[in-house]
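Enquirer:
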Amino acid sequence: MLTVRRRILVSAPRDSVREYLSDLSHIAHCEPKVDAIEVSPGADVARASGRFFGLPWSGSFRFEKTRDGGYRGVMVEGPLRRMECGVALRPVAGGTVVEHDEAYELPLILRPLSPLIRLWLDGTLEDELGAVKEGAEALNRRLQLKNLDA
Numbered sequence: 025m026l027t028v029r030r031r032i033l034v035s036a037p038r039d040s041v042r043e044y045l046s047d048l049s050h051i052a053h054c055e056p057k058v059d060a061i062e063v064s065p066g067a068d069v070a071r072a073s074g075r076f077f078g079l080p081w082s083g084s085f086r087f088e089k090t091r092d093g094g095y096r097g098v099m100v101e102g103p104l105r106r107m108e109c110g111v112a113l114r115p116v117a118g119g120t121v122v123e124h125d126e127a128y129e130l131p132l133i134l135r136p137l138s139p140l141i142r143l144w145l146d147g148t149l150e151d152e153l154g155a156v157k158e159g160a161e162a163l164n165r166r167l168q169l170k171n172l173d174a
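See below:
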């Protein structure tokens, strides 16, 4: 398994970060490997498509919310035998630490490229967490302004 993990401090309380992440449609905005996502209404299943290391892909994922406000996702249909992702939230002074991990079972043909793919994945996780930070902090500002107006 090829596993990558990154974390970032978001300057927003956990509830705001949880609310932002609970809308799975945000994945298409945040995740560089996803161009489009369709979330099934009332279910934690999503169909996504995009590009992985330059190669087009599509697949279905089952998502489960975790007790800390994050989620775990597992590819149930797609080009990889196994792909899992997770987001964990931890409140800290000044905001929330968001930790994101992804694990891939690469096909044999791509395994020799694992070091390059790992570097590429590290970059996509950095970009993704930056977008999550931006989105969650913007949501928190909107919620604070809404409370001021109430």
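Start counting the sequence shown at 25; every next residue gets the next number (my numbering). By construction, the Cβ of each residue, glycine as well, lies at the ideal position given by its N, Cα and C atoms.
Quick one: using the 10 Å Cβ neighbour count with 16 as the cut-off for buried, is Ala70 buried or exposed?
Expert: For the purposes of this step, residue 70 is taken as the residue at position 46 of the sequence shown. Ala70 is buried by the Cβ-count criterion.
Enquirer: Secondary structure at Asp68, three-state DSSP: helix, strand or coil?
Expert: Locating residue 68 in the sequence shown gives position 44, counting from the first residue. Coil.
Enquirer: Provide the residue span of the alpha helix (DSSP H) that contains Pro80, from first to last.
Expert: Mapped onto the sequence shown, residue 80 falls at position 56. Element bounds for Pro80: not the alpha helix (DSSP H) but the beta strand (DSSP E), Leu79 to Lys89.
Enquirer: How long is the line joining the alpha carbons of Glu161 and Gly78, rounded to whole angstroms?
Expert: For this step, residue 161 is matched to residue 137 along the sequence shown. For this step, residue 78 is matched to residue 54 along the sequence shown. Cα-Cα distance, rounded: 30 Å.
Enquirer: What three-state label does DSSP hand Glu126 in the structure shown?
Expert: Here the question's residue 126 lines up with position 102 in the sequence shown. The answer is strand: DSSP assigns Glu126 an E or B state.
Enquirer: If you draw a straight line from the C-alpha of Ala127 to the C-alpha of Arg96, how long is it?
Expert: The count along the sequence shown starts at 1 and reaches residue 127 at position 103. The count along the sequence shown starts at 1 and reaches residue 96 at position 72. Roughly 11 Å between the two C-alpha positions.
Enquirer: What does the alpha-carbon distance come out to for the pair Val28 and Asp146?
Expert: Counting from 1 along the sequence shown, the entry for residue 28 is found at position 4. Counting from 1 along the sequence shown, the entry for residue 146 is found at position 122. Using only the alpha carbons, I get a separation of about 7 Å.
Enquirer: What does the alpha-carbon distance come out to for the pair Arg91 and Gly110?
Expert: Stepping through the sequence shown from its first residue, residue 91 is reached at position 67. Stepping through the sequence shown from its first residue, residue 110 is reached at position 86. So the alpha carbons of these two residues sit roughly 12 Å apart.
Enquirer: Which residues in the same chain as Val63 place their Cβ atom closer than 6 Å to its Cβ, once the five residues preceding and following it in sequence are excluded?
Expert: Residue numbering aside, residue 63 sits at position 39 when the sequence shown is read from its first letter. The residues are Leu48, Ser49 and Ala70.
Enquirer: So Cys54 and Val121 are supposed to be a Cβ contact under 8 Å. How far apart are they, rounded?
Expert: Along the sequence shown, read from residue 1 onward, the residue named residue 54 stands at position 30. Along the sequence shown, read from residue 1 onward, the residue named residue 121 stands at position 97. That pair is no contact at about 17 Å.
Enquirer: In whole angstroms, what separates the C-alpha of Leu183 from that of Arg105?
Expert: Residue 183 cannot be examined here, being either before or after the span of the chain that is shown, 25 to 174.
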